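Numbering-wise, the sequence shown is residues 3 to 316 according to our numbering.
Note that the Cβ used here is the ideal one computed from N, Cα and C, for glycine as well.
Since the model is a prediction, treat every value here as computed from it, not as a measurement.
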Amino acid sequence: MTSSALPLLIVGSIAFDDLDMPSGEHRDVLGGAATYSSLSASLVAGGGVRVVGIVGTDFPEPHLEGLRARGIDTAGVERAAGKTFRWHGRYSADLASRTTLDTQLNVFADFSPKIPAAYRTSPFVLLGNIHPRLQVDVLEQVQKPRLVVADTMNFWIEGEPQALSQMLSRIDLLVINDEEARQLSGIHNLVRAAADIRKRGPSMLIVKRGEFGALLFDEGGAFFVPAYPLEEVLDPTGAGDSFAGGLLGYLAARGEVTPSTLRKALYFASAMGSFCVEGIGPSRLLALRRSDLSARITAFARLVDHGGELALPG
Ligand code: AMP
Numbered sequence: 003m004t005s006s007a008l009p010l011l012i013v014g015s016i017a018f019d020d021l022d023m024p025s026g027e028h029r030d031v032l033g034g035a036a037t038y039s040s041l042s043a044s045l046v047a048g049g050g051v052r053v054v055g056i057v058g059t060d061f062p063e064p065h066l067e068g069l070r071a072r073g074i075d076t077a078g079v080e081r082a083a084g085k086t087f088r089w090h091g092r093y094s095a096d097l098a099s100r101t102t103l104d105t106q107l108n109v110f111a112d113f114s115p116k117i118p119a120a121y122r123t124s125p126f127v128l129l130g131n132i133h134p135r136l137q138v139d140v141l142e143q144v145q146k147p148r149l150v151v152a153d154t155m156n157f158w159i160e161g162e163p164q165a166l167s168q169m170l171s172r173i174d175l176l177v178i179n180d181e182e183a184r185q186l187s188g189i190h191n192l193v194r195a196a197a198d199i200r201k202r203g204p205s206m207l208i209v210k211r212g213e214f215g216a217l218l219f220d221e222g223g224a225f226f227v228p229a230y231p232l233e234e235v236l237d238p239t240g241a242g243d244s245f246a247g248g249l250l251g252y253l254a255a256r257g258e259v260t261p262s263t264l265r266k267a268l269y270f271a272s273a274m275g276s277f278c279v280e281g282i283g284p285s286r287l288l289a290l291r292r293s294d295l296s297a298r299i300t301a302f303a304r305l306v307d308h309g310g311e312l313a314l315p316g
């Protein structure tokens, strides 16, 4: 953890994923939003990441040891009687879309996040994609964080509009994909959809567009970060969570949320998303060193460096 780094609390799913990829089938892969986000955040921040989630008795302790070995505090991971949350997804041949074949909530069904006393003053909070009522419950247990970021999905947008609207009124930044932004606002144009969503609570909104990058909307207007161009994509699972973890990891490490740090954080977010998709499950994130990140950030800076002012000639 760098000297000015501040702790980051991440709440979300920890899972076994069954992944049907065009290249083959993978079973019992370590997954879950909190897993991807915490691995990503911890690599960027160099530590200071605290996770709250739930696993069953079938969850191997070495998975949690693996997180701890990467500087992640897992004291907030509850082990309950029963089976771990399980998700089964199948990807299309071009990996551009996926279908959920099965979701078994198991111990996640009765999950009620309990924030340990030592975590309650965490200045940075990432609310992974869980029931919006539980996201609000987390906020009831923490003391005035400096930044609250949340993710959500179509399931809650359709099924729990009231709880979602309460959650939105209590967060600073919402990170969702373009389809979700359109669904939430009922507006197709993303600029207008963003303006509508920002009126509902979060002063900042990030709209992820997969291989087409991401857009930040805040009081400064719109800002774009591309996705890092890769030769080979193996598995997009967890890319969005890795993006959010990278973003928060950078902000927590810098200990501030200014418009300029937020714009830089987006490059770390996109870089972490790009690493995630290079391996099946979190395998690439687990093998990553900070020097790999540093090299990708240098390459990223070259990708978007046009060499100075963009002045109209003549
Ligand atoms: P992403 O690819 O960023 O959407 O995240 C994929 C991860 O989300 C997988 O590892 C799944 O275990 C997890 N996941 C899938 N469905 C749910 C759900 N309904 N609630 C919480 N986590 C989920």
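Spatial neighbours of residue i in its chain, beta-carbon cut-off 6 Å, leaving aside the 5 residues before and after
i      : result
Asp22  : Arg92
Asp30  : Phe18
Pro62  : none
Ala241 : Gly275, Cys278, Val279
Ser244 : Tyr38, Ser42, Met274, Gly275, Cys278
Glu198 : First, the residue type needs correcting, since residue 198 is Asp and not Glu in the sequence shown. The residues are Ser187, Ile189.
Thr105 : Trp89
Proximity to residue i [Cα-Cα], best of the options
i      : options                        : result
Glu258 : Ser296, Leu149, Gly188         : Leu149
Gly215 : Ala195, Thr101, Ser205, Asn179 : Asn179
Ile16  : Ala7, Pro24, Gly58             : Gly58
Thr86  : Met206, Glu80, Asp60           : Asp60
Arg291 : Gly73, Leu192, Leu103          : Gly73
Leu268 : Lys146, Arg70, Leu207          : Leu207
Asp139 : Phe157, Pro115, Glu27          : Pro115
Gly212 : Pro204, Pro231, Asp174         : Pro231
Leu326 : Ala71, Trp158, Asp112, Leu250  : No answer is possible for residue 326: the residues shown for the chain start at 3 and end at 316.
DSSP beta-bridge partners of residue i
i     : result
Asp19 : Val31, Trp89
Ala2  : Beyond the ends of the chain as shown, which are 3 and 316, falls residue 2; an answer cannot be given.
Gly55 : Val79
Gly48 : Answer by DSSP bridge pairing: none, since Gly48 is not bridged.
Through-space distance from residue j to residue i, alpha-carbon basis
i      : j      : result
Tyr252 : Ala271 : 8 Å
Arg122 : Val151 : 16 Å
Ile132 : Glu233 : 33 Å
Ala47  : Leu217 : 23 Å
Leu129 : Ser94  : 29 Å
Ser293 : Glu162 : 42 Å
Gly14  : Ala36  : 5 Å
Val193 : Ala165 : 25 Å
Val227 : His65  : 32 Å
Leu136 : Asp220 : 26 Å
Ala83  : Thr76  : 18 Å
Glu67  : His308 : 44 Å
Gly49  : Gly316 : 51 Å
Lys201 : Asn191 : 16 Å
Arg304 : Arg286 : 23 Å
Cβ shell of residue i (< 8 Å), same chain only, five flanking positions each side left out
i      : result
Val144 : Leu11, Ile117, Tyr121, Arg122, Thr123, Ser124, Val127
Cβ shell of residue i (< 7 Å), same chain only, five flanking positions each side left out
i      : result
Ala195 : Ala183, Arg184, Ser187, Ile189
Cβ of residue i within 7 Å of any chain B Cβ
i      : result
Asn131 : Note that chain B does not occur in the displayed structure, where there is just one protein chain.
Problem set entry | Every unbroken beta strand (DSSP E) inside the stretch 103-174 [3 residues or more] | 126-129, 149-153
Exercise. Whole alpha helix (DSSP H) runs in the stretch 236-309 with 4 or more residues, listed along the chain?
Worked result: 241-256, 261-278, 285-289, 292-306
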